[in-house]
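Working notes for the structure below.
Number of protein chains: 2
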Amino acid sequence: MKIKYELLKNEKNTQARYGILKTNHGEFETPMFMPVGTLANVKTLTREELKAMNSAVILSNTYHLWLRPGSEIVKKAGGLHKFMNYDGPILTDSGGFQVFSLVKNKKDITEEGVHFKNHLNGDKLFLTPELSIKVQNDLDSDIAMSFDECPPASADYEYLKTSVDRTLRWAKRGKKAHKNEQQSLFGIVQGGPLEDLRKYSAIETVKLDFDGYGIGGVANDGESKDDMYKAIEYSTPYLPIDKPRYLMGVGDPIDIIEGVIRGVDMFDCVLPTRLARHGNAFTRHGKINLKNAKYKEDFEPIENCDCYTCKNYTKAYIRHLLVCNESLGGRLLSIHNIRFLIKLTEDLREAIKNDNLLEFKEDFLSKYGQN
Amino acid sequence: MKIKYELLKNEKNTQARYGILKTNHGEFETPMFMPVGTLANVKTLTREELKAMNSAVILSNTYHLWLRPGSEIVKKAGGLHKFMNYDGPILTDSGGFQVFSLVKNKKDITEEGVHFKNHLNGDKLFLTPELSIKVQNDLDSDIAMSFDECPPASADYEYLKTSVDRTLRWAKRGKKAHKNEQQSLFGIVQGGPLEDLRKYSAIETVKLDFDGYGIGGVANDGESKDDMYKAIEYSTPYLPIDKPRYLMGVGDPIDIIEGVIRGVDMFDCVLPTRLARHGNAFTRHGKINLKNAKYKEDFEPIENCDCYTCKNYTKAYIRHLLVCNESLGGRLLSIHNIRFLIKLTEDLREAIKNDNLLEFKEDFLSKYGQN
Numbered sequence: 000m001k002i003k004y005e006l007l008k009n010e011k012n013t014q015a016r017y018g019i020l021k022t023n024h025g026e027f028e029t030p031m032f033m034p035v036g037t038l039a040n041v042k043t044l045t046r047e048e049l050k051a052m053n054s055a056v057i058l059s060n061t062y063h064l065w066l067r068p069g070s071e072i073v074k075k076a077g078g079l080h081k082f083m084n085y086d087g088p089i090l091t092d093s094g095g096f097q098v099f100s101l102v103k104n105k106k107d108i109t110e111e112g113v114h115f116k117n118h119l120n121g122d123k124l125f126l127t128p129e130l131s132i133k134v135q136n137d138l139d140s141d142i143a144m145s146f147d148e149c150p151p152a153s154a155d156y157e158y159l160k161t162s163v164d165r166t167l168r169w170a171k172r173g174k175k176a177h178k179n180e181q182q183s184l185f186g187i188v189q190g191g192p193l194e195d196l197r198k199y200s201a202i203e204t205v206k207l208d209f210d211g212y213g214i215g216g217v218a219n220d221g222e223s224k225d226d227m228y229k230a231i232e233y234s235t236p237y238l239p240i241d242k243p244r245y246l247m248g249v250g251d252p253i254d255i256i257e258g259v260i261r262g263v264d265m266f267d268c269v270l271p272t273r274l275a276r277h278g279n280a281f282t283r284h285g286k287i288n289l290k291n292a293k294y295k296e297d298f299e300p301i302e303n304c305d306c307y308t309c310k311n312y313t314k315a316y317i318r319h320l321l322v323c324n325e326s327l328g329g330r331l332l333s334i335h336n337i338r339f340l341i342k343l344t345e346d347l348r349e350a351i352k353n354d355n356l357l358e359f360k361e362d363f364l365s366k367y368g369q370n
Numbered sequence: 000m001k002i003k004y005e006l007l008k009n010e011k012n013t014q015a016r017y018g019i020l021k022t023n024h025g026e027f028e029t030p031m032f033m034p035v036g037t038l039a040n041v042k043t044l045t046r047e048e049l050k051a052m053n054s055a056v057i058l059s060n061t062y063h064l065w066l067r068p069g070s071e072i073v074k075k076a077g078g079l080h081k082f083m084n085y086d087g088p089i090l091t092d093s094g095g096f097q098v099f100s101l102v103k104n105k106k107d108i109t110e111e112g113v114h115f116k117n118h119l120n121g122d123k124l125f126l127t128p129e130l131s132i133k134v135q136n137d138l139d140s141d142i143a144m145s146f147d148e149c150p151p152a153s154a155d156y157e158y159l160k161t162s163v164d165r166t167l168r169w170a171k172r173g174k175k176a177h178k179n180e181q182q183s184l185f186g187i188v189q190g191g192p193l194e195d196l197r198k199y200s201a202i203e204t205v206k207l208d209f210d211g212y213g214i215g216g217v218a219n220d221g222e223s224k225d226d227m228y229k230a231i232e233y234s235t236p237y238l239p240i241d242k243p244r245y246l247m248g249v250g251d252p253i254d255i256i257e258g259v260i261r262g263v264d265m266f267d268c269v270l271p272t273r274l275a276r277h278g279n280a281f282t283r284h285g286k287i288n289l290k291n292a293k294y295k296e297d298f299e300p301i302e303n304c305d306c307y308t309c310k311n312y313t314k315a316y317i318r319h320l321l322v323c324n325e326s327l328g329g330r331l332l333s334i335h336n337i338r339f340l341i342k343l344t345e346d347l348r349e350a351i352k353n354d355n356l357l358e359f360k361e362d363f364l365s366k367y368g369q370n
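If you're matching them up, the sequences are chains A and B in order.
Every letter in the first sequence is one number past the one before it in numbering that gives the first Met the number 0, and letter 9, counting from 1, is 8.
Every letter in the second sequence is one number past the one before it in numbering that gives the first Met the number 0, and letter 362, counting from 1, is 361.
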């Protein structure tokens with residue numbers, strides 16, 4: 000069965016949507032944040048911990064799993080759900096984002112696919128739209144993504160236009176190669192921050208009739224927030240209301256709010272787990288670094304929060320673990336940070352239901368960043 | 000309240016004892032294995048995970064906590080239980096074992112105490128029997144250990160005799176310095192593998208009337224198994240039957256069995272978590288290394304075992320996590336390895352109750368080491 004998106008409510012004053020996405024591994028409400036399990040594991044956490052924080056869907060990385068353990072092993076295990084023993088919905092990316100970050104020379108990007116070097120051992124590799132889909136078919140995720148060209152933030156109009164057209168051709172090839180009847184497939188809108196290109200990319204991608212749509216090219220290094228928000232608002236108006244929209248690689252709380260306001264349903268980002276590894280915690284007053292000496296004798300939780308970490312441990316204890324490189328420290332912060340973003344999407348859904356999303360945003364922003 | 004040990008049964012054919020130890024933080028049956036939470040955390044694990052594997056008591060290291068976060072901070076938090084949010088019994092060692100491993104020159108060991116360098120920053124430090132007890136009083140563990148001299152495995156008779164006498168004088172000083180009415184204090188028997196010294200050390204230490212007795216000097220590098228077993232069997236006959244006996248730093252399954260047979264009640268060791276970090280798992284057929292390529296497509300659990308890891312994950316998945324340096328891999332192995340030793344002590348208690356400990360040992364040994 001393919002996924003089924005049900006739009007339950009539009010917020011009155013914005014483009015925001017409240018809906019429900021049904022998959023073969025359970026359904027979840029949207030807007031929703033998806034934690035990233037790069038290597039078939041949301042770093043440091045078990046599925047029970049994800050469940051306890053109301054995490055409902057995770058993302059896993061095709062490029063990384065293709066290399067380790069190899070998609071043939073995941074297939075032999077019975078697919079990614081069985082391999083990692085995770086019974087909730089899983090979305091896999093196409094590998095495009097990782098692969099384009101490894102390309103050294105523009106001529107390595109060809110119409111057929113992309114030449115690049117394995118980041119682990121330097122071996123030459125070649126990824127095509129068909130191979131990306133084949134790997135994702137083997138991984139047997141609930142949602143696969145089309146293999147798209149990810150242009151750099153600095154790309155000019157001509158580069159972006161050429162790239163949008165190639166992404167469309169690759170989307171067609173990927174759709175043709177897609178053989179897994181149980182797996183849904185999303186197309187990806189590109190076009191940088193440019194209105195005409197986003198519109199063109201959205202309209203042409205929708206013509207190919209995917210199960211949902213990603214908005215790509217917004218999580219590049221060096222891209223401005225303004226450009227990101229433009230890219231979203233130039234894309235969503237041309238996407239069908241009965242299909243989910245997924246903003247790829249975005250997990251900053253403010254960006255999630257701005258994305259939801261512009262009609263986005265799904266988000267993913269390594270930010271909460273990466274921040275945790277470096278000792279940082281989201282709070283409603285902005286990010287704090289628990290390694291800071293001022294928390295040495297702070298016997299209060301990170302904040303008034305319903306997560307396992309805040310219900311059980313003090314800042315002083317977490318700081319001690321971090322300073323001593325005890326991995327439980329990063330794990331406790333991962334739990335808090337992911338729960339923070341999941342809770343944010345819960346609050347956003349409430350605000351959509353209550354038609355007070357703009358007030359929610361104003362209130363959130365008035366506090367966030369005070370630290 | 001001090002701890003209370005109740006001897007419930009002696010095994011018919013050996014010195015093994017089945018008993019119960021009551022503490023201010025709950026009671027537990029003995030023989031029992033204690034996982035080590037060096038820095039106020041059993042590496043990678045939470046208290047819920049420890050509870051799920053029937054772990055009932057943990058050990059924490061005075062030397063490490065003295066340095067980080069510092070015993071004054073733990074005291075301000077309300078003691079170690081509150082600091083780490085662990086409500087079960089905790090035993091702290093004296094710091095002696097770590098400190099003696101850091102001594103560079105024999106003249107740094109004085110009657111007053113031991114000079115050594117902080118292993119983190121090279122600062123000069125000085126630990127005395129009184130200071131070890133003061134730090135442990137501040138940590139507020141359920142059971143504190145006397146500060147003893149830990150002689151090297153190569154020590155000759157004269158060294159050992161001098162060391163036993165000094166350990167006795169230090170035990171007296173520590174007992175006098177002990178001010179925490181809620182905390183029990185154990186003395187430590189030393190004397191290497193020598194019958195007369197162990198007997199002398201045991202009898203004289205017992206005269207000082209401690210709440211329980213450690214058997215020390217058995218976990219040195221380079222010491223033979225035979226010497227360890229001798230050290231135990233030369234000590235336990237002189238220890239009171241109404242007080243618990245704790246074999247310090249021992250966690251090899253066979254050594255636990257041999258210790259129990261010779262009348263030991265408690266064990267601790269970093270082995271299960273250290274092995275886990277290096278990819279090793281205990282099994283009933285001996286240790287295996289999960290990083291081995293032969294487990295790449297092994298979609299079975301480590302073994303037929305009731306732990307969370309074996310109930311949920313395959314060797315292939317754990318291998319993948321280990322190969323990718325995902326910390327969940329070491330965590331899953333820590334769970335299995337600690338559960339393995341806890342389960343071993345459960346089986347040993349059953350064997351004591353059934354008076355078939357020697358048959359149990361024979362059966363265990365016939366399988367163990369087959370890998």
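Glycine included, each C-beta is placed from N, C-alpha and C at the ideal position.
Note that the structure is predicted; figures quoted are calculated from it, not measured.
query	result
is_contact[Arg-67 (chain A), chain B] using C-beta, thresh 9 Å	yes
Close Cβ partners of Asn-84 (chain B) (< 8 Å) along its chain, the five nearest in sequence each way excluded	Arg-46
Proximity of Ile-317 (chain A) and Leu-289 (chain A) at Cβ, strictly below 9 Å	yes
Within-9 Å CB hit, Ile-337 (chain A) to chain B	no
Ile-19 (chain B) versus B:Gly-191, B:Lys-50 and B:Arg-244, residue with shortest Cα-Cα distance	B:Arg-244
C-beta atoms of Lys-171 (chain A) and Leu-119 (chain A) nearer than 9 Å	no
Any chain B beta carbon closer than 9 Å to Gly-76 (chain A)	Residue identity differs from the one stated: residue 76 (chain A) is Ala in this sequence, not Gly. Taking Cβ atoms only, chain B reaches closer than 9 Å to Ala-76 (chain A), which makes this a yes.
Cutoff 8 Å; reference His-177 (chain B); Cβ partners in own chain excluding five residues on either side	Ile-132, Asn-136, Ala-143 and Leu-184
Chain D within 9 Å of Ser-326 (chain A), Cβ atoms only	Protein chains A and B are contained in the structure displayed, whereas chain D is not.
Runs of alpha helix (DSSP H) lying entirely within the region 51–77 of chain A, each at least 4 residues, in chain order	61–66 and 70–76
C-alpha distance - Lys-50 (chain B) paired with Lys-229 (chain A), whole-angstrom precision	51 Å
Interface residues of the region 290–321 of chain A facing chain B [CB-CB below 9 Å]	Lys-295, Glu-296, Phe-298, Tyr-307, Asn-311, Tyr-312, Thr-313, Ala-315, Tyr-316, Arg-318, His-319 and Leu-320
Chain B residues whose Cβ lies nearer than 7 Å to that of Thr-43 (chain A)	Ser-326 and Leu-327
Cα-Cα separation between Asn-219 (chain B) and Ser-140 (chain B), rounded to whole angstroms	25 Å
Close-in-space but distant-in-sequence residues of the same chain around Asp-354 (chain A) (CB under 8 Å, 5 per side omitted)	Glu-10, Lys-11 and Asn-12
Below-9 Å beta-carbon distance, Asn-40 (chain A) vs any chain B residue	yes
Other residues of its chain near Leu-332 (chain B): CB distance less than 6 Å, five sequence neighbours each side excluded	Ala-275 and Ala-280
CB contact below 9 Å: Asn-84 (chain A) versus chain B	yes
Below-9 Å beta-carbon distance, Ile-72 (chain B) vs any chain A residue	yes
Environment of Asn-60 (chain B) [buried if 16+ CB atoms lie within 10 Å]	buried
Nearest residue (CA-CA) to Ala-371 (chain B), options B:His-24, B:Ser-200, B:Ala-15 and B:Gly-69	Given that chain B is displayed from residue 0 to residue 370, the structure contains no residue 371 (chain B) and the question cannot be resolved.
Arg-348 (chain B) burial status per 10 Å Cβ neighbour count (16 or more: buried)	buried
Beta-carbon separation (whole angstroms), Met-52 (chain A) vs Arg-338 (chain A), contact threshold 8 Å	4 Å
Residues of the region 143–155 of chain B whose Cβ lies closer than 7 Å to any Cβ of chain A, in chain order	none
Within 9 Å, strictly: CB atoms of Thr-308 (chain A) and Val-263 (chain A)	no
N- and C-terminal bounds of the alpha helix (DSSP H) containing Ile-337 (chain A)	326–352
Residue environment, Gln-182 (chain B), which counts as buried when at least 16 other CB atoms sit within 10 Å	buried
Host alpha helix (DSSP H) of Asn-9 (chain B) (start-end)	Here Asn-9 (chain B) belongs to no alpha helix (DSSP H); instead the beta strand (DSSP E) covers 3–9.
C-beta contact flag for Lys-3 (chain A) and Arg-16 (chain A) at 9 Å	no
Buried/exposed call for Ala-55 (chain B), threshold 16 Cβ in 10 Å	buried
Heavy atom of the ligand FMN within 8 Å of Leu-320 (chain B) beta-carbon	Among the components of this structure there are no ligands whatsoever, and the ligand FMN is therefore not found.
Contacts of Cys-323 (chain A) in chain B (Cβ-Cβ under 7 Å)	Leu-38 and Arg-67
Residue environment, Glu-194 (chain A), which counts as buried when at least 16 other CB atoms sit within 10 Å	exposed
8 Å contact criterion, which Tyr-233 (chain A) and Lys-198 (chain A) should meet: CB distance rounded	6 Å
Bridge-paired residues (DSSP) for Pro-34 (chain A)	A:Cys-268
C-alpha gap between Phe-363 (chain A) and Phe-99 (chain B), whole angstroms	55 Å
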